[in-house]
Structures are given as structure tokens and as C-alpha cells.
Amino acid sequence: MKAAVLDQSDFSIRIEQIAIPVPKRGEVLIKIKAASLNHHELWTLKEKKQYGDFRIVPGAAGDVVELGADCDKTWLGKKVVINPSRNWGSSKSVYGSDFEILGYPHNGTFAEFVAIEEQYVYEIPSHLSYEEAAALPLAGLTAYRALFTKGELNRKSKILITGIGGGVALWALFFALKMDAKVYVTSGKDDKIKRARQAGASGGVNYKNENWKNELADQADNFDLILDGAAGEGFEILLHLVKSGGRIVNFGRTAGLFPAVNPKLLFSKQITIVGTTMGSDDEFRSMLYYILYHKLRPLIDSVYELDQIQAAFKRMEDSEQFGKIILRI
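This is how it looks when you write it as C-alpha cells:
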């Protein structure tokens, strides 16, 4: 089968022919139809960590074509999506010591086939295509936990989502709108703000504008909840924009490290800052049900063939996407 393999010599991804995996006891073999790109694997390439050879990328959808011993026979032939959050553990508040994101050490889904434990396989919501379903796992799960578990989103809350255009941010927008939340966004590109407003956002500002804090304050005053996937130098501004007693949930660092902040902003405003990543098995099931119940669909930015993987990553690195970048396999 064809698979994308990380070359440790120069941290590039190349396409190779490797053996089709044989499902072990309790595993199913899935013929992958589509897989999604996430910043998780982009950071792996950029930071050049010595993980060893593996096929990265967790989000994928396909058909169950073979079963290992002791698997439920009804899975055979079903259209499925994979939960990439493995070995979460028993705690609801944080993952355990054995937690891993699909891709290392277990091979990920930039390949024609993948073998995975039955417990991480779920039926695709019936209204979604393979490409749409591939956009769900990592981004949808991260957004769901950030909003509902960590963010404690209430109906009709006023929230800010930074960096609109990425998969997590867009899922958070769609999820929050179904709670009648009033959603505002930031982006470095005006066209992305325009598209977010067309999708239901109440407003937004370009964070490259010198006075973007004041522009946003004029639009919305302050926020009950802020979801941030960027961190970086702009993070301190979020402390000004969140209301007293409000909450900031961070799930990423596309803009770099946190700046030095005035601690008086934290204790005088009684701000809660929470970190989150991925989610539990229960949250994955709840996320799928939420999407099915509301018949939500992701925005697909673009679809590439597996052989075009370098171009797909380049589009993500350049922040050109509005929605998920998908590989058709």
C-alpha cells in the first residue's frame, strides 16, 4: 500500500510502498478514503522531534474491510471514523500517562490502510461524506472539549474565537452557534472574518490592525469566554477583553510563547485560564452525537491527493486555509 512516511534525515514526508497491516486481536482493518491535516503534525515537522519512522495524521474516515479475532462482526463493511485520542485514562480532567495521539507510536492514517483497536472506531454520522467525516476527529474533539468541558459554555454566552479559519476554530464556531452564543472572531486576513460572519459570527477584527483590541471592544465590549489557539504576544490583550470572572481556554500555540503579563489583570478580574488538548472517549461520542443531532457539516478548504501532501502542508503552513485540508486516499 501507499503511505506517507516521515524521513528523519531531513524531516520531509515521502510517499512509499509498505506492507498492508494485519489486524491483531481486537483490531479492525480500515481502508482509508480520506484523511485530514492538523497543526499537530505540522508542528512535528517544524520542530523536528526525533519520533522515529511513522505515518502521522490522526483524522480519517474509511471502510472496515477486515476484522481481527474477537471483534464484533457487524463492523465489517461499515463506514467509520477513527478517534485519534488513544488511552485517555479514567480521569475526566486530564489524560493519563499512557495517552497518545494517533500517529506515534501507532501508525497514523496517511496510508491506504490502517489497523486500529475496535474501541476507537465509530460509525460516520449518516449525513457526512468521507471527506467531511475525516475533518471531524482531532479538530472536532478539541473544539468540543474546549467549549463545553473546559469552557463551560452557557446558552447565549458571548464568546471570542481567535484565529478563525483553522479546523478547531471553525468547529467551535459551529458548535457555539447551536447554543445561541454570540460569537466574535479574530484573523490576520479580512476575507476570513467576512466568511466567518457569513457563517454566523456576529463580528470580528483583524489582529494585524494596530488598534484591534479597541475595535473588538467597540463591537462587543467584553467576553464571557475566549477560545484561543494562538498564544503569542497577543495573549495579554485577551486578558483585557475577557470580562471579570470570565474564562480563557487555550488549545494551541501557532503564534508562539506567552508574553510577560501583568498579574494584576488576573487576580483583580478573577480570570480563569485553562489549557486543554484532545478529549476523552466519552467526549468523542458526545461530539459525534452533537454533530449528528444538529446535522452539522465542516467547511472543507481543499482536497488533495496523497501524492500532493507537500503542497497540502504548504497551504497550512502559509495559513491560507479556511476550513479543513483533506487528503483523498
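Using my numbering, the first residue of the sequence shown is number 913, and each one after it goes up by one.
All C-beta atoms in this analysis are idealised placements derived from N, C-alpha and C, irrespective of residue type, glycine included.
This structure is a prediction, so every number in the text was calculated from the model and none was measured.
For K945, the secondary structure class from DSSP, reduced to helix, strand or coil, is strand. Put simply, the backbone Cα of N1134 is about 8 angstroms away from that of K1070. In the three-state scheme derived from DSSP, where H, G and I count as helix and E and B as strand, V1080 is classed as helix. In the DSSP assignment, A1129 forms no beta bridge with any residue. Nearest neighbour of G1235 by Cα position, chosen from G1187, V1033, I1105, turns out to be I1105. Under the DSSP assignment, T1184 falls in the beta strand (DSSP E) whose first and last residues are 1184-1187. T1054 places its beta carbon 8 angstroms or farther from that of F1170. The straight-line gap separating the alpha-carbon atoms of E1122 and A1143 is approximately 18 angstroms.
When secondary structure is reduced to three states using DSSP, L1139 falls in the strand class. The region 1210-1229 makes no contact with the region 1088-1101, as fewer than three CB pairs between them are under 8 angstroms.
About 6 angstroms separates the CB atoms of R1240 and A946; that is less than 8 angstroms, so the two are in contact. Taking C-beta atoms as the reference points, Y1056 and Y1202 count as a pair closer than 8 angstroms. Taking all protein chains shown into account, L1153 has 16 or more neighbouring C-beta atoms within 10 Å of its C-beta and is therefore buried. Using a Cβ-Cβ distance cut-off of 8 angstroms, the region 981-989 and the region 1022-1038 are in contact, since at least three pairs of beta carbons, one from each stretch, lie closer than that value.
Under the DSSP assignment, R1240 falls outside any alpha helix (DSSP H), being part of the beta strand (DSSP E) whose first and last residues are 1236-1240.
Our two residues, D1140 and F1025, have alpha carbons roughly 34 angstroms apart in a direct line. With distances taken between CA atoms, Y1034 lies nearest to K991 out of D1103, K991, G1116, I1237. Contiguous alpha helix (DSSP H) elements confined to the region 1185-1227 occur at 1193-1206, taking only those with 4 or more residues. Under DSSP, V1097 forms a beta bridge with I1073, G1116. In the structure shown, L1053 adopts helical secondary structure according to DSSP, grouped into three states. Going by DSSP, I925 is part of the beta strand (DSSP E) stretching over 924-929. By the criterion of a C-beta distance shorter than 8 angstroms, E1012 is surrounded in its chain by R998, N999, H1018, once the five residues flanking it on both sides are discounted.
The DSSP assignment places complete alpha helix (DSSP H) segments of no fewer than 4 residues inside the region 982-1064 at 1042-1046, 1049-1056, in order along the chain. Secondary structure note for S1156: its beta strand (DSSP E) is the uninterrupted segment 1154-1162. Nearest C-alpha to I1138 among I1160, Y1119, N1118, L1151: I1160. Here DSSP, grouped into helix, strand and coil, assigns E1122 to coil. Boundaries cannot be given for A1167, as no beta strand (DSSP E) includes it and DSSP labels it neither H nor E. For D975, the uninterrupted beta strand (DSSP E) segment begins and ends at 972-979.
In the displayed model, E939 falls within a strand according to three-state DSSP.
By the CB criterion at 8 angstroms, A916 and I930 fall outside the cutoff. Here the alpha carbons of A1023 and S1038 stand approximately 24 angstroms from one another.
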